[in-house]
Amino acid sequence: MPALVPRSALALAFLLAACGGDTKTAPKTDEKKVEAKADAKEEPAGDSAKKPRPRAPASEKARVADPKGRTVVIGSLGGDLAATRAALKTAGAIDDAGKWAGGDLVVVQLGNQFGNSKDEKATLALLDDLAAQAQAAGGALHRLTGENEILNVALNFKDIVHAQGFKDYAKEKSDDPRVESLPANQRGRAAVFASGGPAAKKLSEQKLILVAGDSVFAHAGLLGEHVQKGIDNINDESTKWMLGEIAMMPDMLAAPGPARTPRLRGNEPACEVVEQVIADLAVKRLVIARPPAEKIDAVMCDGKLIRVGAAAGDTSGPAEILDISGDAVKFVPIAK
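Remember, our numbering sits 2 above the position in the sequence shown when you count from 1.
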């Protein structure tokens, strides 16, 4: 961490004492810590420095109960059952039998649960079961909506659905004109995933943006215009579209939105945007999924932007989860 410039040695000693010293836990050889750099600006004196920062408008419904203990973040799954189980086991969320063992653990999955894998349906069933088990145990499994989920509801299956993913729903029927216009082998899946269909209704329960404790989560990014629009409003629009209450896909589910924007996913993200977003939402960090296209840094903007790679690993980096416990944030490799 960069040192603050003290007015005197006494001031430095007081600052270290107030912060409780080094907040790092004893590192394990297979874990990678994430350190947020301190802000070198001095806080203004007086009562104004003690007042909590006002929260952004239309952001209350996106906030879930503060985690009681650890929060573990898992990146894109792509329908990969083995990778999903390995990530959950590494997190301490499940036991050898695949049942919830995390107690009050909170797991946040960053979207793209769907993908080009023959195990996609089994992966989704596992997540459904674990979400119910986690809630009963006092924990939580939160799944965000990613780009692949949106594309499925939009009936755009190109390159993101395995052949088995069509066979799994081949017996499903619909007289929806949107479905009838598709190739015959895709119609069963389309009947289930089209907005208003059973799978789309289930997806409508997920959020595009979620706030838990000191972190805000999205699949691709969170920008100033998203906060200004109101993240609750964006989540609500997603819900209504997936339920079939809105005919056209909202703009915030397209490329400009938090599940698909490329703005924070490259090697030079707009850190000033990240800083403003987390300030407006009164959190410490923005956590998003790391794109698979290239090797990029997982931690940017002095620890205020953290990007978590796919559960199976990819060209962007190794398979790992993000573990958040208070102010201690670290990457943990997924045990295969």
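Backbone N, C-alpha and C define an ideal beta-carbon position, used for all residues, glycine too.
If you measure between the beta carbons of residue i and residue j, is that distance less than 7 Å?
i: Ala-337; j: Ile-290; result: no
i: Leu-79; j: Gln-135; result: no
i: Ala-89; j: Ala-313; result: yes
i: Val-75; j: Val-310; result: yes
i: Asn-154; j: Phe-168; result: no
i: Val-331; j: Val-36; result: yes
i: Ile-2; j: Leu-255; result: The requested residue 2 does not occur in the structure, where the chain is confined to residues 3 to 338.
i: His-144; j: Leu-210; result: no
i: Ala-58; j: Asp-234; result: no
i: Thr-147; j: Gly-199; result: no
i: Pro-252; j: Glu-239; result: yes
i: Ile-248; j: Asn-269; result: no
Identify every residue that forms a DSSP beta bridge with residue i.
i: Val-36; result: Val-331
i: Arg-145; result: Gln-111
i: Leu-307; result: Leu-288 and Met-302
i: Asp-161; result: Asp-161 pairs with nothing; no bridge assigned.
i: Leu-324; result: Val-75 and Phe-333
i: Asp-316; result: Gly-319
Which residues in the same chain as residue i place their Cβ atom closer than 6 Å to its Cβ, once the five residues preceding and following it in sequence are excluded?
i: Pro-327; result: As written in the sequence, residue 327 is Ser, which differs from the Pro given in the question. Taken in chain order, the residues that qualify are Arg-72.
i: Gly-94; result: Gly-104
i: Asp-216; result: Val-285 and Lys-286
i: Asp-325; result: Val-74, Lys-332 and Val-334
i: Ala-172; result: Gly-190
i: Gln-111; result: Ile-76 and Arg-145
i: Ser-206; result: Thr-241, Met-244 and Leu-245
i: Ser-176; result: Ala-193
Spatial neighbours of residue i within its chain, please: CB distance less than 8 Å, with the 5 preceding and 5 following residues excluded, ordered by chain position.
i: Val-181; result: Leu-157, Arg-189, Ala-192, Ala-193 and Ala-196
i: Cys-273; result: Met-302, Cys-303, Asp-304, Lys-306 and Leu-307
i: Gly-140; result: Lys-70, Gly-105 and Asp-106
i: Gly-232; result: Ala-58, Pro-59, Ala-60 and Ser-61
i: Ile-96; result: Arg-87, Leu-90, Trp-102, Ala-103, Gly-104 and Leu-132
i: Asp-68; result: Ala-214 and Gly-215
i: Asn-237; result: Lys-63, Ala-64, Lys-209, Leu-210 and Ile-211
Please list, in chain order, all residues of the same chain as residue i whose beta carbon is under 7 Å from its beta carbon, the five residues on each side excluded.
i: Ala-124; result: Leu-83
i: Leu-224; result: Ile-211, Val-218, Pro-260, Val-279 and Leu-288
i: Asp-316; result: Pro-294
i: Glu-122; result: Gly-81, Phe-116, His-164 and Gly-167
i: Lys-101; result: Gln-135
i: Gly-226; result: Val-275, Gln-278 and Val-279
i: Lys-34; result: Lys-332 and Phe-333
i: Val-229; result: Ala-58, Val-279, Asp-282 and Leu-283
i: Thr-92; result: Ile-323, Val-334, Ile-336 and Ala-337
i: Lys-30; result: No answer about Lys-30 holds up, because its pLDDT of 44 lies below 50 and its placement is not dependable.
i: Leu-208; result: Per the sequence shown, residue 208 should be read as Gln rather than Leu. Once the five neighbours on either side are set aside, the close Cβ partners of Gln-208 are Arg-145, Leu-146 and Thr-147.
I want to check one thing, is the minimum distance from the CB of residue i to the heavy atoms of the ligand MN below 6 Å?
i: Asp-299; result: This structure lacks the ligand MN; in fact it carries no ligand of any kind.
Could you confirm whether any beta carbon from chain D is found closer than 7 Å to the beta carbon of residue i?
i: Val-218; result: Of the protein chains in this structure there is only one, and it is not chain D.
(request) Give a yes or no on contact between the segment 189-202 and the segment 261-269, applying the rule of three or more CB pairs nearer than 8 Å. (result) In short, these stretches do not touch, since the Cβ pair count stays below three.
(message) For the structure I just gave you, are there three or more beta carbon pairs, one from the segment 56-69 and one from the segment 294-309, closer than 8 Å?
(response) no
(message) Quick test of the definition: if touching needs 3 or more C-beta pairs under 8 Å, does the segment 130-146 touch the segment 242-251?
(response) No, they do not touch.
(message) For the segment 155-166 against the segment 101-119, do three or more pairs of beta-carbon atoms, one drawn from each stretch, fall closer than 8 Å, so that the two count as touching?
(response) yes
(message) To test your reading of the DSSP string, which unbroken beta strand (DSSP E) runs of 3 or more residues are found completely within the segment 63-148?
(response) Counting only runs of 3 or more, we get 73-76, 108-111 and 142-145.
(message) Just to confirm the assignment: which complete beta strand (DSSP E) runs, minimum length 3, are found wholly within the segment 170-240?
(response) 211-214 and 217-220
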